[in-house]
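First comes the structure, then the notes that go with it.
In this note's numbering, the protein residues as written are 998 to 1136.
Set out below in structure tokens:
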């Protein structure tokens, strides 16, 4: 089960993330990521001066989705997840930049920091395994 989930996340490149501010208002954004399947971490690049970075800086609990890069409505697959954005000095985040830029080398030319999401819960829907088939992974 864990291998199927990791294989799906590794093959994709883009996700969506939702964060909540102090007033309980939600804010979503899309991001390109790299996936560390050893520790189940997503790394993405963003600047400190974005609205979502400001929100996450105050409340690092997030939820998001990953869909196939090439969507096929007859073979629905997708990830729903929850987790926590780690601080930049967290030991799990120390290799984030190298990991991210290995997958997205063009991002070296863009400003921004590499952020790390520790995935804590994943629900993987995969209709190729049977209609409505769901696989669950929890840390």
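The beta-carbon is built from N, C-alpha and C at its ideal position, and this holds for glycine as well.
{"Asked": "Continuous beta strand (DSSP E) stretch holding residue 1117: start and end", "Found": "1110–1123"}
{"Asked": "Endpoints, the beta strand (DSSP E) within which residue 1106 is located", "Found": "From DSSP, residue 1106 is part of no beta strand (DSSP E); its letter is neither H nor E."}
{"Asked": "Residues that DSSP places opposite residue 1042 in a beta bridge", "Found": "1111"}
{"Asked": "Touch test, the stretch 1019–1026 against the stretch 1044–1064, Cβ-Cβ under 8 Å, three pairs minimum", "Found": "yes"}
{"Asked": "Three-state secondary structure assigned by DSSP to residue 1054", "Found": "helix"}
{"Asked": "Simplified DSSP state of residue 1022, which is helix, strand or coil", "Found": "coil"}
{"Asked": "Check whether residue 1032 and residue 1038 have beta carbons under 9 Å apart", "Found": "yes"}
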